[in-house]
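In the order they appear, the protein sequences are chains A and B.
So for the first sequence, my numbering puts the first residue at 1; every next one is plus one.
So for the second sequence, my numbering puts the first residue at 216; every next one is plus one.
Number of protein chains: 2
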Amino acid sequence: MVSEKTISRLTNYQTLLRLQQAQGRTHLFSHQLADLARVTPAQVRRDLMVIGYTGNPRTGYHVGDLQDSLMQFFAFSTGIPTALVGVGSLGRALLSYFMSGRSNIRILAAFDNDPGKTGRVLSGCRIHPMNRLRETLAETTVSCALVTVPGGEAQKVTDALVGAGVHGIVNFAPVRLKVPPTVFVENLDVTSSIEKAAFFARNYSLKTQEETNHE
Amino acid sequence: MVSEKTISRLTNYQTLLRLQQAQGRTHLFSHQLADLARVTPAQVRRDLMVIGYTGNPRTGYHVGDLQDSLMQFFAFSTGIPTALVGVGSLGRALLSYFMSGRSNIRILAAFDNDPGKTGRVLSGCRIHPMNRLRETLAETTVSCALVTVPGGEAQKVTDALVGAGVHGIVNFAPVRLKVPPTVFVENLDVTSSIEKAAFFARNYSLKTQEETNHE
DNA sequence: TTCACGCTGTGACAAAATTCACAGCTAGGA
DNA sequence: TCCTAGCTGTGAATTTTGTCACAGCGTGAA
Chain A
1 MVSEKTISRL TNYQTLLRLQ QAQGRTHLFS HQLADLARVT PAQVRRDLMV IGYTGNPRTG
61 YHVGDLQDSL MQFFAFSTGI PTALVGVGSL GRALLSYFMS GRSNIRILAA FDNDPGKTGR
121 VLSGCRIHPM NRLRETLAET TVSCALVTVP GGEAQKVTDA LVGAGVHGIV NFAPVRLKVP
181 PTVFVENLDV TSSIEKAAFF ARNYSLKTQE ETNHE
Chain B
216 MVSEKTISRL TNYQTLLRLQ QAQGRTHLFS HQLADLARVT PAQVRRDLMV IGYTGNPRTG
276 YHVGDLQDSL MQFFAFSTGI PTALVGVGSL GRALLSYFMS GRSNIRILAA FDNDPGKTGR
336 VLSGCRIHPM NRLRETLAET TVSCALVTVP GGEAQKVTDA LVGAGVHGIV NFAPVRLKVP
396 PTVFVENLDV TSSIEKAAFF ARNYSLKTQE ETNHE
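As structure tokens, this is what we get:
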């Protein structure tokens, strides 16, 4: 089984390769990709082992071929179909970003239980009522959903999504969801991340000051 | 030095404890906190070692005292002062969320280089022009900033922030930032997280189908 | 055609993170 | 008062993750 961290890095390589290709680069060495991704060359090579793509000692990796291999590994040549639950300010921001087509994420349906929002179309995406979640998703191939509801509702929404056959959840609410072992949850807790950054920021500030004083 | 993962969990415990206290609970055992945080009891105890708080074998941890210890460890009793750069749709969403006072994050200033936005006040936060970043931040105690600009501008913005004395950056742009070793970067790449969740979602779906077939 | 350089792929090793497992303690009951 | 159940705190073992180092290979130069 391939680890979560490896998958994170591989998706990152994908993004970076797209950028490199856009700049006209056709070949790339492990150390170059490593620099872009801020990892070690050995890490890059180790990661690429898992997708089976093999480079050339003299010319390195072929950007296009490597992208193809990654695509095949992730099996999302036609974009990643997702659903969004919770059309608050964060939900709207995500809709407007992903519906602009700047990435390979496709939001096929949005859900909210506010009657003032349901039925409307935002950024080109129709907003369905929560109680139609199962039926609406049944018509799609969605297996991954974004949860942007308040913390208090997140578990309820999650249960509904799991019931509708969703196996991947990106949770923006500051709670830990309870899911069966066949469901993957990625927590994107903004508050928690800021607190973490603030902690290290303070540490580094102090350290920097100390060093300045010692001189 | 205490690890990044430990800090993440500790901030999580803080959130959970706030919730428990709101529900009137005064004492808590490691296995209960562990259940809430979806980690093992040993992990909880191990984590609490680093903040020096010590519980009681018979009554467990005292919710209030533990919160105080955490607060003291993170040293943010008055809230975390931050700045936000990039008032696009994501920036606005974060502003409206954090200015509502639902967490201990305080956004003291926002920045954008769109003249149509600068000077205005959004969700109670004034938007300053980018070229006044250094002067504006000099008047505050901000050491941590949220970067919500498009990928192409993120590095430039980061350099400006670092120049202004910021030591912690929460980066929402899908690029890896280059910073000196005295600056901590937390990447919150939504696209990458969705791709990761989608990958595991697909894996789990397949596995579930397989198992159903075998029966 | 042959050689040599500098890369890749990977087994072995090192470091980091997590879990195990148990000594030691503490409040409540007998 | 003393005993006991069941917790905490922590050294040691285990598992996971990342790095090292080198054999082997492909290309361009001679």
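Note that the Cβ used here is the ideal one computed from N, Cα and C, for glycine as well.
Quick one: which chain A residues come within Cβ less than 7 Å of residue i?
{"i": "B/P389", "result": "T15"}
{"i": "B/R253", "result": "R176"}
{"i": "B/T226", "result": "S192, E195, K196"}
{"i": "B/R335", "result": "Ordered by position in chain A, no residue passes the 7 Å Cβ test against B/R335, which lies about 17 Å from the chain."}
Quick test of your reading: residue i and residue j, contact by CB under 8 Å. State the CB separation rounded to the nearest angstrom.
{"i": "B/L376", "j": "B/F387", "result": "Not quite, the Cβ-Cβ distance comes to about 14 Å (not below 8 Å), so this is no contact."}
{"i": "B/G380", "j": "B/L352", "result": "7 Å"}
{"i": "A/I105", "j": "A/G79", "result": "7 Å"}
{"i": "B/G301", "j": "B/T363", "result": "4 Å"}
{"i": "B/L310", "j": "B/C340", "result": "6 Å"}
{"i": "A/A154", "j": "A/V175", "result": "5 Å"}
{"i": "A/P81", "j": "A/T140", "result": "6 Å"}
{"i": "A/F74", "j": "B/F414", "result": "6 Å"}
{"i": "B/R260", "j": "B/S245", "result": "5 Å"}
{"i": "B/Y276", "j": "B/H242", "result": "7 Å"}
{"i": "A/V63", "j": "A/Q21", "result": "5 Å"}
{"i": "B/V400", "j": "A/S193", "result": "Contact doesn't hold; Cβ gap of about 11 Å is too wide."}
{"i": "A/L133", "j": "A/R92", "result": "The pair is not a contact, with the Cβ atoms about 19 Å apart (cut-off 8 Å)."}
{"i": "B/Y419", "j": "A/V183", "result": "7 Å"}
Could you name the residues of chain A that residue i contacts, counting a contact when the two beta carbons are closer than 8 Å?
{"i": "B/Y419", "result": "H167, G168, T182, V183, F184"}
{"i": "B/L361", "result": "I194"}
{"i": "B/A290", "result": "R202"}
{"i": "B/L403", "result": "L188, V190, S193"}
{"i": "B/K422", "result": "T182"}
{"i": "B/S311", "result": "S89"}
{"i": "B/A353", "result": "Neighbours of B/A353 on chain A: none; closest Cβ ~14 Å, over 8 Å."}
Going by DSSP, what residue range makes up the beta strand (DSSP E) through residue i?
{"i": "A/R126", "result": "125 to 129"}
{"i": "A/L84", "result": "80 to 85"}
{"i": "B/N386", "result": "383 to 386"}
{"i": "A/N187", "result": "184 to 187"}
{"i": "B/D250", "result": "Premise fails: B/D250 lies in the alpha helix (DSSP H), 245 to 252, not in any beta strand (DSSP E)."}
{"i": "B/D329", "result": "Segment: none, B/D329 is in no beta strand (DSSP E) and carries neither H nor E."}
Which bits of chain A does residue i rub up against, with CB to CB less than 9 Å?
{"i": "B/V300", "result": "Here the premise fails: no neighbours, minimum Cβ distance about 14 Å."}
{"i": "B/F244", "result": "Going along chain A, no residue has its Cβ under 9 Å from B/F244, so there is no contact; the nearest lies around 17 Å."}
{"i": "B/T221", "result": "By Cβ distance, chain A contributes nothing, its closest Cβ being about 10 Å from B/T221, past 9 Å."}
Can you tell me which of the three DSSP states residue i falls into?
{"i": "A/L177", "result": "coil"}
{"i": "B/V357", "result": "coil"}
{"i": "A/N56", "result": "strand"}
{"i": "B/F288", "result": "helix"}
{"i": "B/R335", "result": "coil"}
{"i": "A/A110", "result": "strand"}
{"i": "A/V147", "result": "strand"}
Since residue i is in the alpha helix (DSSP H), which residue starts that stretch and which ends it?
{"i": "A/N12", "result": "4 to 22"}
{"i": "A/A164", "result": "Neither: A/A164 is in no alpha helix (DSSP H) and is coded neither H nor E."}
{"i": "B/G306", "result": "304 to 313"}
{"i": "B/M264", "result": "256 to 266"}
For residue i, return the contacting residues in chain B, with the cut-off set at a CB-CB distance below 7 Å.
{"i": "A/I105", "result": "T406, I409"}
{"i": "A/S143", "result": "A416, R417, S420"}
Name the chain B residues that come within less than 9 Å of residue i, Cβ to Cβ?
{"i": "A/A164", "result": "Under the 9 Å cutoff, chain B gives no residues; its nearest Cβ is about 12 Å from A/A164."}
{"i": "A/I127", "result": "Under the 9 Å cutoff, chain B gives no residues; its nearest Cβ is about 16 Å from A/I127."}
{"i": "A/T82", "result": "I409, A412, A413"}
Tell me whether residue i, by its Cβ, gets closer than 7 Å to a heavy atom of the ligand PLP.
{"i": "B/T293", "result": "Questions concerning the ligand PLP fall outside what the structure shown contains, since it holds no ligand whatsoever."}
For a contact defined as C-beta to C-beta under 8 Å, what are the partners of residue i on chain B?
{"i": "A/R92", "result": "S304, A308"}
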